[in-house]
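Novice: First residue of the sequence shown? That's 1 in the UniProt record's numbering, and the numbers climb one at a time after it.
Beta carbons are placed, not taken as given, at the ideal position from N, Cα and C, and that holds for glycine.
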Amino acid sequence: MAKKQKLFSALLSFILHGTRPPISSRVTATAMTESSPHPSSLHHLGRSSHPPMAEKIAAGRTLVLDVDAALLLPSSSSLFPYFMLVALEAGGYLRGLVLLLLYPIILSMGRASDVAVRVMAMVAFCGLRASRFRAGRAVLPKWFMEDVAAEGFEAMRMSNATGGRRVCVTRWLPRVMVEGLLRDYLGAEAVVGKEMKVLWGFYTGLMEEEDEVVLEEEKKIMAEGDDALGFCGSLEFLLHPLSRSCKDIYLATRDDRATWQALPRSKYPKAVVFHDGRLAFRPTAGSTLAMFMWLPFGVALASARLTVALTVPYRYSTPILAATGMSWRLKAGERPPLQTAGVERGCRRGQLFVCNHRTLLDPVYVSVALDRPVRAVSYSLSRLSELISPIGRTVRLTRDRDADGRAMGRLLESGDLVVVCPEGTTCREPYLLRFSPLFAELSDDVVPVGVAVETAMFYPTTAGGLKCLDPFFYMVNPRMCYTVQFLERVRTAVVREGKVPSADMANLVQKKIGDALGYSCTMLTRKDKYLMLAGNDGVVRKVDGKCSSAPAGRTDK
Numbered sequence: 001m002a003k004k005q006k007l008f009s010a011l012l013s014f015i016l017h018g019t020r021p022p023i024s025s026r027v028t029a030t031a032m033t034e035s036s037p038h039p040s041s042l043h044h045l046g047r048s049s050h051p052p053m054a055e056k057i058a059a060g061r062t063l064v065l066d067v068d069a070a071l072l073l074p075s076s077s078s079l080f081p082y083f084m085l086v087a088l089e090a091g092g093y094l095r096g097l098v099l100l101l102l103y104p105i106i107l108s109m110g111r112a113s114d115v116a117v118r119v120m121a122m123v124a125f126c127g128l129r130a131s132r133f134r135a136g137r138a139v140l141p142k143w144f145m146e147d148v149a150a151e152g153f154e155a156m157r158m159s160n161a162t163g164g165r166r167v168c169v170t171r172w173l174p175r176v177m178v179e180g181l182l183r184d185y186l187g188a189e190a191v192v193g194k195e196m197k198v199l200w201g202f203y204t205g206l207m208e209e210e211d212e213v214v215l216e217e218e219k220k221i222m223a224e225g226d227d228a229l230g231f232c233g234s235l236e237f238l239l240h241p242l243s244r245s246c247k248d249i250y251l252a253t254r255d256d257r258a259t260w261q262a263l264p265r266s267k268y269p270k271a272v273v274f275h276d277g278r279l280a281f282r283p284t285a286g287s288t289l290a291m292f293m294w295l296p297f298g299v300a301l302a303s304a305r306l307t308v309a310l311t312v313p314y315r316y317s318t319p320i321l322a323a324t325g326m327s328w329r330l331k332a333g334e335r336p337p338l339q340t341a342g343v344e345r346g347c348r349r350g351q352l353f354v355c356n357h358r359t360l361l362d363p364v365y366v367s368v369a370l371d372r373p374v375r376a377v378s379y380s381l382s383r384l385s386e387l388i389s390p391i392g393r394t395v396r397l398t399r400d401r402d403a404d405g406r407a408m409g410r411l412l413e414s415g416d417l418v419v420v421c422p423e424g425t426t427c428r429e430p431y432l433l434r435f436s437p438l439f440a441e442l443s444d445d446v447v448p449v450g451v452a453v454e455t456a457m458f459y460p461t462t463a464g465g466l467k468c469l470d471p472f473f474y475m476v477n478p479r480m481c482y483t484v485q486f487l488e489r490v491r492t493a494v495v496r497e498g499k500v501p502s503a504d505m506a507n508l509v510q511k512k513i514g515d516a517l518g519y520s521c522t523m524l525t526r527k528d529k530y531l532m533l534a535g536n537d538g539v540v541r542k543v544d545g546k547c548s549s550a551p552a553g554r555t556d557k
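1) Kindly provide the ranges of any alpha helix (DSSP H) runs that are 4 or more residues long and lie completely inside the segment 482-518, ordered along the chain.
2) Is the distance from the Cβ of Met158 to the Cβ of Arg166 below 8 Å?
3) In its own chain, which residues sit with a C-beta less than 6 Å from the C-beta of Trp328, not counting the 5 before and 5 after it?
4) Please classify Asp402: does DSSP put it in a helix, a strand, or coil?
5) Assign Ser24 to one of three DSSP states: helix, strand, or coil.
6) Out of Gly92, Val192, Arg489, Gly325, state which residue places its alpha-carbon closest to the alpha-carbon of Leu279.
7) Short of 6 Å in beta carbon distance, which residues of its chain neighbour Tyr474, apart from the five on each side in sequence? Order them along the chain.
8) Which of the three DSSP states is assigned to Lys529 in this structure?
9) Output the boundary residues of the beta strand (DSSP E) element that contains Ser367.
10) In three-state terms, what does DSSP make of Ala149?
11) Candidates Pro74, Pro141, Ser266, Cys427: which alpha carbon is nearest Ala258's?
12) Could you compute how far the alpha carbon of Gly193 sits from the alpha carbon of Tyr431?
13) Could you tell me whether the Cβ atoms of Phe435 and Gln485 are closer together than 8 Å?
14) Consider the Cβ of Tyr314: report whether some Cβ of chain D lies at a distance smaller than 8 Å.
15) Leu71 and Ala150 look like a contact to me (Cβ under 8 Å); what is the Cβ gap, rounded to whole Å?
16) Compare the Cα-Cα distances from Asp227 to each of Leu235, Leu186, Val214, Leu242 and report the closest residue.
17) Rounded to whole angstroms, how far is the Cβ of Tyr203 from the Cβ of Leu128, which I believe are closer than 8 Å?
18) Would you mind stating whether Gly187 and Arg137 have Cβ atoms separated by less than 8 Å?
19) Kindly give me the distance between the Cβ atoms of residue 561 and Ser378, rounded to whole angstroms, as I take these residues to be in contact under 8 Å.
20) Assuming the contact rule is C-beta atoms closer than 8 Å, Cys232 and Leu263 should be a hit. Round their C-beta distance to whole Å, please.
21) Rounded to whole angstroms, how far is the Cβ of Asp470 from the Cβ of Leu295, which I believe are closer than 8 Å?
22) I believe Val446 touches Met480 by the beta-carbon criterion, under 8 Å. Please report the beta-carbon distance rounded to the nearest angstrom.
23) Suppose you measure from the CA of Gly110 to the CA of Ala116; what does that come to, to the nearest Å?
24) As an exercise, report each continuous beta strand (DSSP E) stretch of at least 3 residues that is fully enclosed by the segment 171-219, in chain order.
25) In whole angstroms, give me the CA-to-CA distance for Pro52 and Leu487.
26) Would DSSP call Pro141 helix, strand or coil?
27) Using a threshold of 8 Å, state whether the C-beta atoms of Asn477 and Ala456 are closer than that.
28) How about Phe274 and Met532: do their beta carbons lie closer than 8 Å?
29) Between the segment 54-70 and the segment 168-179, can you find at least three pairs of beta-carbon atoms closer than 8 Å?
30) Inspect the beta-carbon positions of Leu524 and Leu466 and report whether they are closer than 8 Å.
31) Assign Trp200 to one of two classes, buried (16 or more other C-beta atoms within 10 Å of its C-beta) or exposed (fewer than that).
32) Apart from the five residues on each side of it in sequence, which residues of its chain come closer than 8 Å, Cβ to Cβ, to Pro373?
33) Note down the Cα distance separating His44 from Glu429, rounded to an integer number of angstroms.
34) When you compare each of Gly415, Leu330, Leu438 to Ala369 by their alpha carbons, which one comes out closest?
35) Which residue wins for smallest C-alpha separation from Arg410, given the options Arg383, Gly350, His357?
36) Return yes when the Cβ of Arg496 is within less than 8 Å of the Cβ of Asp444, no when it is not.
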């Protein structure tokens with residue numbers, strides 16, 4: 001049996017590697033003849049008999065970090081969830097199902113073996129267009145950051161503080177999957193790893209060694225005139241060519257790594273404010289299987305939920321939907337009184353509600369909480385979402401300040417309850433984007449509204465996917481809960497009187513909502529989000545009567 005398994009693994013290795021042997025075998029062969037780290041230069045982390053690693057890093061030496069075993073937690077040794085994220089988010093659910101069906105074979109090979117990694121890479125990447133692949137920067141960093149070890153990050157932080165270069169080496173994962181995390185969030189100057197081979201603009205699914213980058217990094221280390229410092233969590237790192245450039249290598253043993261803790265969110269060097277992808281859970285083999293088993297029931301349940309929401313009044317639909325797992329709650333107080341100063345002067349004027357933006361259903365739940373119909377204003381909304389909206393037709397904004405101000409002003413003059421989300425786009429994490437100050441110029445007072453949403457399986461928002469499916473992904477969740485919180489009315493007449501700048505008033509309302517929800521306020525905008533996640537500025541343009549977004553990599557000035 002053992003011979004058959006070795007023969008099967010060897011056959012797969014030949015198919016995936018071709019005639020070129022993998023890096024481990026090539027390096028092993030050359031390590032016998034070329035210089036390798038001297039035994040005295042290999043130190044066990046934490047032993048007092050050797051010089052502390054902090055002293056070596058303080059000298060400003062280049063740090064060569066083993067990503068697989070010295071930066072990520074031991075619990076992340078299974079690479080399957082990362083490749084499943086690529087398969088589902090970049091390739092689709094059929095590709096994810098194929099990868100899931102292959103899991104027993106992958107498991108028999110060894111989840112972190114070279115052959116298993118290449119099989120997962122083949123399924124996840126084969127056929128994807130290389131120029132459109134953004135999962136490495138838009139989806140994966142959020143999940144990788146949750147697996148970063150505080151001890152590994154501390155080594156990178158100390159190296160940055162002393163002015164040393166940080167070279168990250170990934171032995172298993174393709175470079176395109178981890179480069180977004182290492183460069184954008186952890187500040188690495190160089191990332192060395194396997195490349196996904198591209199043919200005619202598409203990934204073939206084959207991985208190739210990055211020999212040129214390795215040689216370039218070796219030359220840089222030699223040119224700097226100082227020997228690099230290595231930090232690894234496995235002896236396999238000694239087989240990597242860059243380990244020969246390290247005069248001192250510190251090894252974290254298995255016992256050392258067993259005590260490592262995840263990096264707290266408060267210590268992230270850069271907050272993960274934006275991320276894309278539909279999955280709201282880590283797609284391990286078990287949880288992914290549960291998702292595929294749930295989907296047929298979820299689609300039927302979503303249809304039933306939608307029918308109830310569109311046909312049954314709010315006061316009756318709320319308990320019915322709550323029984324199916326689709327609930328909401330009103331937090332900290334009663335519904336606000338709807339009379340305004342305009343009523344006292346004899347003219348019935350509407351009320352403006354200002355809320356943060358979590359999903360396109362925010363105005364719906366504000367309407368449910370008020371038990372009154374509202375008018376929602378939005379910069380972009382798909383025809384399908386508008387068609388199935390239980391609150392009626394949405395007023396579309398044009399991003400022309402004067403035209404949008406007049407449109408919202410007419411709604412208020414006609415006595416409507418108007419819900420506006422001045423962030424201009426959704427944000428999943430506990431942060432608030434910059435509030436556009438236009439709302440502060442339209443009414444004598446506004447009612448701030450804080451909204452929060454919890455989902456169990458899918459995110460109902462996307463930057464690079466099909467927005468028309470947002471309501472579907474929300475309703476197909478096994479359970480979800482919306483929280484609506486009405487805050488104390490804010491007087492904005494001082495803005496119309498010219499006593500306070502509208503931007504200051506917008507920042508005040510943003511802070512009130514942030515304090516109520518426990519969210520952090522930022523000055524990031526919709527443009528920042530779409531440049532990071534989709535490669536465009538997020539503005540929908542009309543070309544020959546059709547709507548299209550800016551091409552990736554281009555923005556309007």
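Specialist: Let's see:
1) Listed in chain order, the complete alpha helix (DSSP H) runs (minimum 4 residues) inside the segment 482-518 are 493-496, 502-517.
2) Not in contact: Met158 and Arg166 (Cβ atoms no closer than 8 Å).
3) Correct list, in chain order: Tyr365, Tyr482.
4) Helix at Asp402.
5) Note that Ser24 has pLDDT 40, beneath the 50 cutoff, so the model's placement of it is unreliable and no number is given.
6) The shortest C-alpha separation from Leu279 is found at Gly92.
7) So the list reads Pro460, once near-sequence residues are dropped.
8) The answer is helix: DSSP assigns Lys529 an H, G or I state.
9) Annotation for Ser367: no beta strand (DSSP E) segment contains it, though the alpha helix (DSSP H) segment containing it runs 362-370.
10) Strand, per DSSP.
11) Comparing alpha carbon positions, the residue from Pro74, Pro141, Ser266, Cys427 closest to Ala258 is Pro74.
12) Just so you know, the alpha carbons of Gly193 and Tyr431 end up roughly 33 Å apart.
13) Result no, Cβ atoms of Phe435 and Gln485 do not sit closer than 8 Å.
14) Here chain D cannot be found, since the structure has a single protein chain.
15) Between Ala150 and Leu71 the Cβ distance is about 11 Å, and since that is not below 8 Å, they are no contact.
16) Closest option to Asp227, Cα to Cα, is Leu242.
17) With a Cβ gap of about 5 Å, Tyr203 and Leu128 count as contacting.
18) For Gly187 and Arg137, no; Cβs fall outside 8 Å.
19) Residue 561 lies beyond the range of the chain shown here (1 to 557); nothing can be said about it.
20) The pair is not a contact, with the Cβ atoms about 18 Å apart (cut-off 8 Å).
21) Their Cβ separation, rounded to whole angstroms, is 17 Å, which puts Asp470 and Leu295 out of contact at 8 Å.
22) The distance from the Cβ of Val446 to that of Met480 is about 28 Å, inconsistent with a contact at the 8 Å cut-off.
23) Distance between the alpha carbons of Gly110 and Ala116: 7 Å.
24) Annotation: the segment 171-219 contains the following complete segments of the beta strand (DSSP E) (minimum length 3 residues), in chain order: 190-199, 202-208.
25) Near 54 Å, if we compare the C-alpha coordinates of Leu487 and Pro52.
26) Three-state DSSP puts Pro141 in a helix.
27) The answer is yes: Cβ separation under 8 Å.
28) Result yes, Cβ atoms of Phe274 and Met532 sit closer than 8 Å.
29) Yes: at least three Cβ pairs fall under 8 Å.
30) Cβ atoms of Leu524 and Leu466: not closer than 8 Å.
31) Only exposed fits Trp200, as fewer than 16 other CB atoms lie within 10 angstroms of its CB.
32) For Pro373, where only same-chain residues beyond five positions count, the Cβ hits under 8 Å are Ser367, Ile391, Gly392, Leu417.
33) Cα to Cα, the separation comes out at about 39 Å.
34) Per the Cα distances, Leu330.
35) Among Arg383, Gly350, His357, the Cα nearest to that of Arg410 belongs to Gly350.
36) With respect to the 8 Å criterion, Asp444 and Arg496 are classified as neighbours on the basis of their beta carbons.
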